[in-house]
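Enquirer: Numbering-wise, the working numbering puts 210 at position 218 of the sequence shown, and it's gapless, one number per residue. All residues carry an ideal CB built from backbone N, CA and C; glycine is no exception. Handing you this structure, nothing more for now.
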Amino acid sequence: MQNLFSLKGKTALITGASSGIGAHIAKTFALAGCNVIVAARRIERLDALVTELHQQGAKAYAVEMDVRDAASVHSAFELAHSQFGTPDIIINNAGISGEFQAVSDTCEEDMDRVFDVNFKGAWRVSKTACDRLIAQGKQGSIINLISIAAHGHAAGISSYAMSKTALLSLTKNLALEVAEHGIRVNAISPGTFHTEMTEAEYDDNGNNVFTDLPPLGREGKLSDLDGMFMFLASDASSFITGTCTPVDGGHLLRSL
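Dropping the structure here:
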């Protein structure tokens, strides 16, 4: 069973890895024996993360990547390949929240900005990864970070929710198209997690102003995500593709 969940010998590229969930999963994978490529725009943060991982005996490498720019994505993959070969695990974690506004109040510029990162960014990275994996005859696992916002409805999060719903559709369509090549595409929908990106959702007392605690009675800890990420990245999920699993403390058992 231990070998079934092993990531040793695998290489993961994680976008948006300069903070929050991305940085946490990079540490989790690296300490599990996976070669880790951390990618983001804030290269100085990535360098600090890589230094920390090297001190713990892990194999990690930082690449600057702006998921809004196809040339930047391709360049990052080239650098990743020069270190560990083509990544066979892709974590599409890069994302932004956008303005907290109703649909009728959202401007086109904000909608474009959010979709360009949350949806098209993941599409650019996934397309590049699949092209390379297929050309080399390699199998792989792509994991997209969605959100419980893609499964329910709440006022004021229009651009973010719609971009994540589009990413859910990409997950399923891409999974169908690349299955014959042994590439699996799945998604995780986190519930309420207090990170740098979600800071605006909290008051001065650390309480989320948009939602109550989920049925399990607490917010998520980043470590609550480890099991699902390890499962979807490893051979333990070798017959699973096109799925989206909430990790939300039961939040979706009721309305957002």
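Pick helix, strand or coil for Thr184, following the three-state DSSP scheme.
Expert: It is coil, neither helix nor strand.
Enquirer: Excluding the 5 residues flanking Leu162 on each side, which residues of the same chain have their C-beta closer than 8 Å to its C-beta?
Expert: So the list reads Phe111, Ala114, Trp115, Ser118, Asn136, once near-sequence residues are dropped.
Enquirer: Just checking my contact of Ile134 with Ala121 at CB under 8 Å: how many whole Å lie between their CB atoms?
Expert: Between Ala121 and Ile134 the Cβ distance is about 7 Å, and since that is below 8 Å, they are a contact.
Enquirer: Counting C-beta neighbours from all protein chains within 10 Å, is the total for Arg207 16 or more, i.e. buried, or is it exposed?
Expert: The question names Arg, but residue 207 is Pro in the sequence shown. Under this definition Pro207 is an exposed residue.
Enquirer: Rounded to the nearest angstrom, how far is the Cβ of Gly144 from that of Leu248, given a contact under 8 Å?
Expert: At roughly 4 Å, the Cβ-Cβ gap stays under 8 Å, so Gly144 and Leu248 are in contact.
Enquirer: With contact counted as at least three CB pairs below 8 Å, one residue from each stretch, are the stretch 95 to 104 and the stretch 17 to 37 in contact?
Expert: These segments do not touch.
Enquirer: Going by DSSP, what residue range makes up the alpha helix (DSSP H) through Val106?
Expert: Its alpha helix (DSSP H) spans residues 100 to 110.
Enquirer: Among the candidates Gly242, Ser226, Gly241, Leu245, whose CA atom is the shortest distance from the CA of Ile83?
Expert: It is Ser226 whose Cα lies nearest to the Cα of Ile83.
Enquirer: If we call anything under 8 Å between Cβ atoms a contact, is Asn165 one with Leu224?
Expert: Taking 8 Å as the Cβ cut-off, Asn165 and Leu224 do not qualify as a contacting pair.
Enquirer: Just list the residues that DSSP pairs Arg176 with in beta bridges.
Expert: Its beta-bridge partners are Ser133.
Enquirer: Rounded to whole angstroms, what's the CA-CA distance from Gly209 to Leu245? Just pull it up for me.
Expert: For Gly209 and Leu245, the distance between alpha carbons rounds to 13 Å.
Enquirer: Note down the Cα distance separating Ala142 from Lys19, rounded to an integer number of angstroms.
Expert: Using only the alpha carbons, I get a separation of about 27 Å.
Enquirer: With distances taken Cα to Cα, identify the nearest neighbour of Ala50 among Thr3, Lys156, Ala167.
Expert: Closest option to Ala50, Cα to Cα, is Thr3.
Enquirer: Leaving out five residues before and five after Ala68 in sequence, what residues of the same chain have Cβ atoms less than 6 Å from its Cβ?
Expert: For Ala68, where only same-chain residues beyond five positions count, the Cβ hits under 6 Å are Ala31, Val55, Met57.
Enquirer: Taking the alpha carbon of Val109 as the point to measure from, which residue in Asp97, Asp204, Val65 has its own alpha carbon closest?
Expert: Nearest of Asp97, Asp204, Val65 to Val109, Cα basis: Val65.
Enquirer: Gly113 by DSSP, collapsed to three states: which one?
Expert: Gly113 falls in the helix class under three-state DSSP.
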